[in-house]
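Engineer:
Encoded structure:
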């Protein structure tokens, strides 16, 4: 059953299509899409658990940011994070265009938008590294501020990193001819994952930099 | 979709009604026994609200017992009555009935009504647990690995392993822990509270029966958790007084009386006392350096908090007032309880010393 | 009745049979066949059941004497912490989801495998390492603060506590992936004509359980990760001295662990709902109510977690909604119990070993459920929390419930899985010995708790000696009775009678194929015309492989049924 799905008998299959059996492809694509969405839902629960922890701990102290060693910790740098956020959201836009172009067979444009997404995603990670190096909130273990901020954004950053790798692999796969205009579940999954990462960042940006 | 292959016989089976009636009799008789038997026969009720909790327990038992008797009774009866006889063919089928909407309606409705009744009864009893009336003895219990520490008003030192309380006196017991989670439970009192480091939980009860009881730790706290037991003595008023006097190093000081001459307060004595009595909950840092209560180091020069926590101006007299009367109210959305001088076991002289010390921190 | 036509959509995927693997390793070790994976889960789960059961016997030996002569306090705490952790995460959850869910559920819906067979294999292969990681903690100091590992003490606990975090995290990933797998399988791969209201109740139970696994487990992953990084790197989440909150752990832990108990019981409910109709030879009573109540229980299961925290110091008014919601769960649960009892009424009952355990389940689970309602009432819980009353309650629902359900499932589906019959006489001995000794072990714990014996104690007040000794001796009998089961299984594999496709006369799809099934399950996926519980009617399937099975009559000797 698995053999037909990636079209790796492309050219060897029965009937002349990109995949061996279109009906089977569509059915398995539906199942894989549902499975992937359910996976993203369980990932949302993971982030929600830590967001709950952050809000709960925040509710136990009278001021935010909290005290550490007798002085109040500073707030994070909204301006820098806002710029970095635009970088990340921009990469969501580029990803959208990448998929659209792919679906319309515009391979050259796809390459541009896809690589832009990867570059922007990597830039976001660089921005986060800068933020981590310059945040003056007492480090990961200094206070509940550091605990929640670095853990949550660290988890998110890990997801972005995995996403960048995922997108790079997908791009490489397009070069090897794994997908075509109507059979590209991997690209759909990659796009969904990338948008998921963006949505989580909207929540985290609000919770740590605005709220 | 639910089609009956055979119309079910109106005969519910051999002996169904006799069994039903027998189970009813069994349920009624056993429930009556539950109803009339005081639970205190098994475990004394040594305080209010033990009797109320026992009443709720009885209600649960009466309902649960009846349901259990019927479930067990019918299961056993059906297994006997409807067992396939040995000589019947293996593929003999039973009555092909899928459902009976009327029956299902009732066996959903009746439990729902029972749950509603239980919920109402439980909320009523629950409300009774939330407060006590009358002159209350407020005291503290602190859990340690592996002993209980008790603090009383008018006692300078805390007491270990033995808790004495006077009968018929409402008790407000604040519990917390010094290291890890512990639990405070006296089975005869029926209520328990976890002792959580960094948090103060409150138990309210009124002891009604003189005697000696066990205080048991009910939250795993380490290798000697099973040995963490203390003794609770519910004493007569007289015996309590005798015990208390024995424990007290100094004569109890009363509330009220002439205003303390604060200029005579000694700040070094105040500092020592602060460390002993106050530092569990207060730091000497700025207001926001909160342990349980606000930091007290900048009372006179805090731009953000120009009044004391009760809204009064920051003066030595008003500080002494809080030290004397304690404070109960809201602090940043949390309920805050600061014990009074009586609960903290500090004298007027102590108040003067403390005030002098606090003034010295920021004036 | 509309006849379902066999078109290629939407189940063309089911028509596809891939070639059977050839090497031993691909067939039995790294297999993607749900049946092999199911057996693997069952074997490993049963091994951990024996180990965790031995730990239980160590507990009971310790508690023979009130003054704790057998073990030191520290060792004792490690023993019961590992007993509980293993039973929950290495025994019951894997057996009922990865074991029975994997083997039986795809057969019951007429599928050839689960939606993601490779993921299924990956899920299984996380299980033995997680178990090794958990038990490996004994080497460096096993966790000792119960299966609940409350901070602050779990922050200070032995080094093995961090291994515990990692082990449960790993098995949690496995569980989440299995939940996703099963959910997609049931939603997308049912045979043509099998609408939701024609699904067997075991499948309803598995879909509700899969949803719970999928949603709740990652919350535990979060809690465990936080505990781990706080222990290892000092990151403050739970330690009040550093600004953290012990209650935060309790909220996060129980947000998963309450749904977890429904993960443990719902599949057992499903097993009972299959065994009872088969051996009473009549439909399950109130199919729709039982099906929907599984969903209701799963949903409500997410809303009651803080009933484990009534004494913890959360704001008092919060106790009320959790109390009321917990009481409400009693209603769909009661509906199920009454439905099962009514299934027995008017039956033509044959007391196979599976049926005995199913009937026993009704009795013990009902008692456990009733004590649960006691605990829902906050004022009563304030007395009973942290005592042996709790231990009694959860053993009634987890042993008298889940484990009895597992036993029923083992006896019921053993012929299908192995192609052999178990010895029914031994099975009956197992049942009676287990049922009686189980009740003798755990019933006294109710009053031990109410009268003042706390839980998690290596020593106790001498007034409780008699009932502790009674419980301990009974537990030795219970352990011995379990040996009967293992002997029966081994003996059956060695020289049990060969089983036909349908020794019990069941009507769900797994009984329509050979025992054990061929690797492709169904040569042709049948169409489903109705519920599988109408024993008076012809089978509701079109296009079965084996016309002999259409007779669907049980054989009392276990030989293939003769056609009628």
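Residue numbers (our numbering), protein chains in the order written: chain B, 124 to 334; chain A, 1276 to 1638; chain E, 298 to 861.
Every residue, glycine too, gets a C-beta built ideally from N, C-alpha and C.
#1: From which residue to which residue does the alpha helix (DSSP H) around residue 1628 (chain A) run?
#2: With a threshold of 7 Å between beta carbons, is residue 841 (chain E) in contact with chain A?
#3: Below 8 Å on the Cβ atoms is my guess for residue 154 (chain B) versus residue 412 (chain E); work out the distance and round it to an integer in Å.
#4: On the DSSP bridge assignment, give the partners of residue 194 (chain B) in chain order.
#5: Any beta carbon of chain E sitting closer than 7 Å to that of residue 141 (chain B)?
#6: Leaving out five residues on either side along the sequence, give the residues of the same chain with a beta carbon under 7 Å from the beta carbon of residue 283 (chain B).
#7: Output, in chain order, the set of chain B residues within a Cβ distance shorter than 7 Å of residue 1560 (chain A).
#8: If contact means a Cβ-Cβ distance below 7 Å, which residues of the stretch 651-681 of chain E contact chain A?
#9: Under 7 Å between beta-carbons, which chain B residues line up against residue 328 (chain E)? List them in chain order, please.
#10: Tell me the DSSP secondary structure of residue 1419 (chain A) in three-state form.
#11: The stretch 157-182 of chain B: which residues have C-beta closer than 8 Å to a C-beta of chain E, in chain order?
#12: Along the stretch 728-746 of chain E, what residues have a CB closer than 7 Å to any CB found in chain A?
#13: Please report the straight-line C-alpha distance between residue 483 (chain E) and residue 513 (chain E), rounded to a whole angstrom.
#14: Counting only beta-carbon atoms, is residue 150 (chain B) nearer than 7 Å to chain E?
#15: Output, in sequence order along the chain, the residues in the stretch 239-266 of chain B whose CB is closer than 9 Å to any CB in chain E.
#16: Check whether the Cβ atoms of residue 698 (chain E) and residue 662 (chain E) sit closer than 7 Å, and answer yes or no.
#17: I want to see whether chain A comes within less than 7 Å of residue 832 (chain E), judged by CB atoms only; does it?
#18: Express the C-alpha separation of residue 1338 (chain A) and residue 1300 (chain A) in angstroms, rounding to a whole number.
#19: Taking the CB atoms as reference points, tell me whether residue 1572 (chain A) and residue 1629 (chain A) lie closer together than 7 Å.
#20: Sort E:313, E:320, E:363 by Cα distance to residue 762 (chain E) and report the nearest one.
#21: What does the Cβ neighbour count give for residue 1467 (chain A), buried or exposed, with the cut at 16 atoms within 10 Å?
#22: Bridge partners of residue 1448 (chain A), per DSSP?
#23: Could you pull the start and end residues of the alpha helix (DSSP H) that residue 564 (chain E) belongs to?
#24: Which runs of the alpha helix (DSSP H) spanning at least 4 residues fall entirely within the stretch 141-195 of chain B, listed in chain order?
#25: Do the stretch 1574-1588 of chain A and the stretch 1386-1400 of chain A touch if we need at least three Cβ pairs shorter than 8 Å?
#26: Quick check on this structure: which residue in A:1500, A:1502, A:1441 has the alpha carbon closest to the alpha carbon of residue 1518 (chain A)?
#27: Check this for me: beta carbons of residue 537 (chain E) and residue 1473 (chain A), under 7 Å apart or not?
#28: Quick check: the Cα distance between residue 744 (chain E) and residue 520 (chain E), rounded to an integer number of angstroms?
#29: What's the gap between the Cα of residue 1627 (chain A) and the Cα of residue 1598 (chain A)?
#30: Going by DSSP, name the residue or residues bridged to residue 1509 (chain A).
#31: How big is the Cα-Cα spacing for residue 1457 (chain A) and residue 1476 (chain A)?
#32: From which residue to which residue does the alpha helix (DSSP H) around residue 1467 (chain A) run?
#33: Between E:576, E:559, E:613, which has its C-alpha nearest residue 600 (chain E)'s C-alpha?
#34: In the DSSP output, what is residue 1349 (chain A) paired with across the bridge?
#35: Tell me the start and end of each unbroken alpha helix (DSSP H) in the stretch 389-435 of chain E that is at least 4 residues and wholly inside, in chain order.
#36: Taking the CB atoms as reference points, tell me whether residue 948 (chain E) and residue 506 (chain E) lie closer together than 7 Å.
Structural biologist: In brief:
#1: Numbered from its first residue, the second chain carries residue 1628 (chain A) at position 353. Looking at the DSSP string, the run of the alpha helix (DSSP H) that includes residue 1628 (chain A) is 1623-1637.
#2: Translated into positions along the third chain, residue 841 (chain E) becomes position 544. It does not: the Cβ of residue 841 (chain E) has no partner Cβ on chain A nearer than 7 Å.
#3: Taking the first residue of the first chain as 1, we reach residue 154 (chain B) at position 31. Taking the first residue of the third chain as 1, we reach residue 412 (chain E) at position 115. Indeed, because the Cβ distance is near 5 Å, the residues count as touching under 8 Å.
#4: Locating residue 194 (chain B) in the first chain gives position 71, counting from the first residue. In the DSSP assignment, residue 194 (chain B) is bridged to B:191.
#5: Stepping through the first chain from its first residue, residue 141 (chain B) is reached at position 18. Not closer than 7 Å to any Cβ of chain E, the Cβ of residue 141 (chain B) fails to qualify, so no.
#6: Here residue 283 (chain B) is taken as the residue at index 160 of the first chain, counted from 1. These residues qualify, in order along the chain: 244, 247, 248, 320.
#7: Your numbering for residue 1560 (chain A) matches position 285 in the second chain. By Cβ distance, chain B contributes 193.
#8: Cβ contacts with chain A come from 656, 659, 660, 663, 664, 667, 670, 671, 674, 675, 676, 677, 679, 680.
#9: Locating residue 328 (chain E) in the third chain gives position 31, where the first residue counts as 1. Within chain B, no residue has its beta carbon less than 7 Å from that of residue 328 (chain E); the closest one is some 14 Å off.
#10: If you number the second chain from 1, residue 1419 (chain A) lands on position 144. In this structure, residue 1419 (chain A) counts as strand in the three-state DSSP scheme.
#11: Residues of the stretch 157-182 of chain B that bring their beta carbon within less than 8 Å of a beta carbon in chain E comprise 157, 158, 161, 162, 164, 165, 166, 168, 169, 171, 172, 173, 175, 176, 179, 180, in sequence order.
#12: Per Cβ criterion, the list is empty.
#13: Position 186 of the third chain, counted from the first residue, corresponds to residue 483 (chain E). Position 216 of the third chain, counted from the first residue, corresponds to residue 513 (chain E). Going from the Cα of residue 483 (chain E) to the Cα of residue 513 (chain E) covers about 19 Å.
#14: Here residue 150 (chain B) refers to the residue found at position 27 of the first chain. Under the 7 Å criterion on CB atoms, residue 150 (chain B) is classed as interfacial with respect to chain E.
#15: When CB distances to chain E are screened at a threshold of 9 Å, the residues of the stretch 239-266 of chain B falling below it are 263, 264, 265, 266, in chain order.
#16: Taking the first residue of the third chain as position 1, residue 698 (chain E) is located at position 401. Taking the first residue of the third chain as position 1, residue 662 (chain E) is located at position 365. Cβ atoms of residue 698 (chain E) and residue 662 (chain E): closer than 7 Å.
#17: Numbered from 1 along the third chain, position 535 holds the residue referred to as residue 832 (chain E). Yes, residue 832 (chain E) lies at the interface with chain A (some Cβ there is under 7 Å from its Cβ).
#18: Sequence index remark: in the second chain, residue 1300 (chain A) carries index 25 (1-based). Sequence index remark: in the second chain, residue 1338 (chain A) carries index 63 (1-based). C-alpha of residue 1300 (chain A) to C-alpha of residue 1338 (chain A): approximately 14 Å in a straight line.
#19: Within the second chain, residue 1572 (chain A) is the residue found at index 297, counting from 1. Within the second chain, residue 1629 (chain A) is the residue found at index 354, counting from 1. In this structure, residue 1629 (chain A) does not lie closer than 7 Å to residue 1572 (chain A) by Cβ.
#20: Here residue 762 (chain E) refers to the residue found at position 465 when the third chain is read from its first residue. The shortest C-alpha separation from residue 762 (chain E) is found at E:363.
#21: Sequence index remark: in the second chain, residue 1467 (chain A) carries index 192 (1-based). Residue 1467 (chain A) is buried by the Cβ-count criterion.
#22: What you label residue 1448 (chain A) is simply residue 173 of the second chain in a count that begins at 1. Residue pairing from DSSP places residue 1448 (chain A) in a beta bridge opposite A:1414, A:1478.
#23: The sequence position of residue 564 (chain E) within the third chain is 267, counting from 1. For residue 564 (chain E), the enclosing alpha helix (DSSP H) stretches over residues 543-577.
#24: Runs found: 145-182.
#25: With a cut-off of 8 Å on Cβ pairs, the stretch 1574-1588 of chain A is not in contact with the stretch 1386-1400 of chain A, counting fewer than three such pairs.
#26: Numbered from 1 along the second chain, position 243 holds the residue referred to as residue 1518 (chain A). Nearest in C-alpha terms to residue 1518 (chain A), of all of A:1500, A:1502, A:1441, is A:1441.
#27: As a position in the third chain, residue 537 (chain E) is number 240, starting the count at 1. As a position in the second chain, residue 1473 (chain A) is number 198, starting the count at 1. In contact: residue 537 (chain E) and residue 1473 (chain A) (Cβ atoms closer than 7 Å).
#28: Position 447 of the third chain, counting from 1, holds the residue named residue 744 (chain E). Position 223 of the third chain, counting from 1, holds the residue named residue 520 (chain E). C-alpha separation (whole angstroms): 34 Å.
#29: Here residue 1627 (chain A) refers to the residue found at position 352 when the second chain is read from its first residue. Here residue 1598 (chain A) refers to the residue found at position 323 when the second chain is read from its first residue. Spanning the alpha carbons of residue 1627 (chain A) and residue 1598 (chain A) requires a straight line of approximately 9 Å.
#30: Taking the first residue of the second chain as position 1, residue 1509 (chain A) is located at position 234. Answer is A:1440, A:1486.
#31: Working through the second chain from its first residue, we reach residue 1457 (chain A) at position 182. Working through the second chain from its first residue, we reach residue 1476 (chain A) at position 201. Answer to the nearest angstrom: the Cα atoms are 12 Å apart.
#32: By 1-based counting over the second chain, the position of residue 1467 (chain A) is 192. DSSP places residue 1467 (chain A) outside any alpha helix (DSSP H); the residue lies instead in the beta strand (DSSP E), whose first and last residues are 1467-1470.
#33: Translated into the one-based positions of the third chain, residue 600 (chain E) becomes position 303. With distances taken between Cα atoms, residue 600 (chain E) lies closest to E:559.
#34: If you number the second chain from 1, residue 1349 (chain A) lands on position 74. DSSP lists no partner for residue 1349 (chain A).
#35: Secondary structure remark: continuous alpha helix (DSSP H) runs of at least 4 residues inside the stretch 389-435 of chain E, in chain order: 399-405, 414-422.
#36: Past the boundaries of the shown model lies residue 948 (chain E); chain E is included only from 298 to 861, so the question cannot be answered.
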